[in-house]
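Residue numbers (our numbering): 82 to 155. Ideal Cβ placement from N, Cα and C applies to all residues, glycine included.
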Amino acid sequence: MDCEESLPLLSDYHAGELDEAARDGVRDHLGCCPPCDGIYHDVETIVVSASSLREEEGISFPDENVIWQRMQFN
């Protein structure tokens with residue numbers, strides 16, 4: 082799997098929604114591609130930060146799944 086194939090799958094990978102073959106392909110790619118691994122860690126940070134703000138501040142944010150549906154990696 083290369084960058085072009087793995088980037089659109091990062092949010093589904095994070096959510097655990099990929100089949101085994103796709104999950105393994107993304108995981109292997111992230112292990113050998115520092116730029117994509119960095120983007121994945123940014124995705125994790127965004128999700129954790131948004132979830133934390135929603136819980137700590139009582140802010141009404143949309144569910145993270147709704148956010149990811151609105152975002153597309155192109």
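CB of residue i within 9 Å of CB of residue j, strictly
| i | j | result |
| --- | --- | --- |
| residue 82 | residue 118 | no |
| residue 106 | residue 87 | yes |
| residue 103 | residue 111 | no |
| residue 115 | residue 84 | no |
Where residue i sits in the DSSP three-state scheme
| i | result |
| --- | --- |
| residue 84 | helix |
| residue 91 | helix |
| residue 155 | Since pLDDT at residue 155 reaches only 44, below the 50 mark, its modelled position is unreliable, and no value is offered. |
| residue 134 | helix |
| residue 99 | coil |
Burial state of residue i (16 or more Cβ within 10 Å)
| i | result |
| --- | --- |
| residue 92 | buried |
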